[in-house]
Amino acid sequence: MHYMLVFDGKDGEPGKAIEFDAQDAAGALIHAHREAPDRSATLWEGERELCKIRRTENAGVELWQVLPLD
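Pasting the structure below:
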């Protein structure tokens with residue numbers, strides 16, 4: 019499957035986007051962690067917007083949180 023992550027920008031600047039192939043959407047977390055572990059992003063599968071992901075901390079453990087679309 020073909021995916022794209024569009025990262026939120028910082029300080030009013032546009033965020034970067036990366037495209038990649040993966041077996042499933044879970045592979046997007048690996049790419050997100052490598053590219054911009056401190057930024058939220060929107061995950062796309064082709065033309066379809068799937069979800070938003072956000073890096074968060076809970077009790078000292080860093081996690082990726084998957085959020086529904088607005």
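Under my numbering, think of the first position of the sequence shown as 19, with each following residue one higher. Built from N, CA and C at the ideal position, the CB exists for glycine as well.
Those residues which DSSP pairs with residue i across a bridge
i: Q41; result: The partner list for Q41 (beta bridge, DSSP) is empty, contrary to what the question assumes.
Straight-line Cα distance separating residue j from residue i
i: L81; j: M19; result: 24 Å
i: G103; j: H51; result: The structure shown does not extend to residue 103, since the chain spans only 19 to 88, so no value can be given for it.
i: D62; j: M22; result: At residue 62 the sequence reads Trp, which differs from the Asp that was named. Cα to Cα, the separation comes out at about 5 Å.
i: D42; j: G30; result: 31 Å
i: G27; j: E67; result: 18 Å
i: N76; j: F25; result: 22 Å
Nearest candidate by alpha-carbon position, reference residue i, set the options
i: T74; options: D56, R66, P86; result: D56
i: L87; options: C69, P32, D39, E31; result: C69
i: G64; options: N76, I36, V79; result: I36
i: D39; options: L47, F25, G33; result: L47
Residue ranges of each alpha helix (DSSP H) run of no fewer than 4 residues wholly in the stretch 44 to 81, ordered along the chain?
-> 45 to 53
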